[in-house]
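Anchor point for the sequence shown: position 91 equals 92 in this note's numbering, and the numbering is continuous, going up by one each time.
Yeah, the Cβ is synthetic: ideal placement off N, Cα and C, and Gly gets one too.
The structure appears right after this line, and notes come after that.
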Amino acid sequence: MDDPGERVYRKTGQGAAEIRSRSGGLSARARTALILVNGVDSVAALRGKIGPDADALIEGLAAQGHAERVEPRPRAAASPPAPTPQPAVVDIAVEAGAPSEPELSEAEVRERLAPLRREALARLGPHYGPDAVVVAGPLLQAGTIAAYCAALDALETKVSVYMGRKQAVKLLTGLRP
């Protein structure tokens with residue numbers, strides 16, 4: 002028998018549509034749980050963010066078809082990184098034309114941005130309440146790292162109107178990939 006705290010859930014298409022449309026009549030707590038369900042964090046990890054009733058909320062979302070259980074990814078064993086040979090001479094002209102970042106797959110981009118998106122919501126929540134999801138909408142929907150960074154710049158501008166430039170920068174520092 003498996004430990005319920007080790008279960009991992011992700012949003013279904015119906016769940017993603019519910020977040021966008023708010024048409025299913027979910028309670029605020031159930032909606033928050035649905036937003037935080039990401040296919041990576043276990044129920045035990047979500048308890049710290051949602052509260053002790055996370056198990057019941059997530060099971061209810063699964064019963065309604067908003068979330069589905071997935072197999073957790075096996076954790077990679079920590080191994081020391083292989084040393085990479087350093088070139089003796091660096092051609093600056095070649096480096097300037099080289100892309101700054103290798104192309105990432107959509108899944109890799111999602112995995113890399115997921116913790117930053119959760120952190121952004123956690124930081125915006127005390128200031129915007131349930132509307133933090135709306136305020137951070139473009140940030141949450143960005144499909145590439147460049148789009149995410151552009152959305153973060155726009156969010157910083159929007160937040161600075163209400164909080165001032167310095168406070169907006171302070172609030173959003175550390176959210177860049």
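Could you give the DSSP three-state label for Arg-70: helix, strand or coil?
Looking at Arg-70 - three-state DSSP - the assignment turns out to be strand.
Can you give, in chain order, each stretch of the alpha helix (DSSP H) that sits fully within the region 127-167 and has at least 4 residues?
Here the runs fully enclosed are 133-136, 138-142 and 146-164.
Among Ala-123, Gly-126 and Ala-143, nearest to Arg-113 - alpha-carbon criterion
For the residues Ala-123, Gly-126 and Ala-143, the minimum Cα distance to Arg-113 belongs to Ala-143.
Measuring CB to CB, does Asp-56 end up less than 8 Å from Val-44?
Between Asp-56 and Val-44, the C-beta gap is smaller than 8 Å, which places the two residues in contact.
Here's the rule I'm using: 16 or more other beta-carbon atoms within 10 Å means buried, otherwise exposed. How should Tyr-163 be labelled?
Of the other Cβ atoms in all chains shown, fewer than 16 fall within 10 Å of the Cβ of Tyr-163; this residue is therefore exposed.
Give the DSSP-derived three-state secondary structure of Arg-177 in the structure shown.
Secondary structure at Arg-177: coil, using DSSP grouped into helix, strand and coil.
Suppose you measure from the CA of Leu-125 to the CA of Ala-155; what does that come to, to the nearest Å?
Between the alpha carbons of Leu-125 and Ala-155 lies a distance of about 14 Å.
Give me the DSSP bridge partner(s) of Arg-11.
Arg-11 is bridged to Glu-69.
Please state if the CB of Thr-13 and the CB of Ala-68 are separated by a distance shorter than 8 Å.
Contact: yes.
Distance check for Arg-8 and Glu-72, CA to CA, integer angstroms please.
In a straight line, the C-alpha of Glu-72 is about 8 Å away from that of Arg-8.
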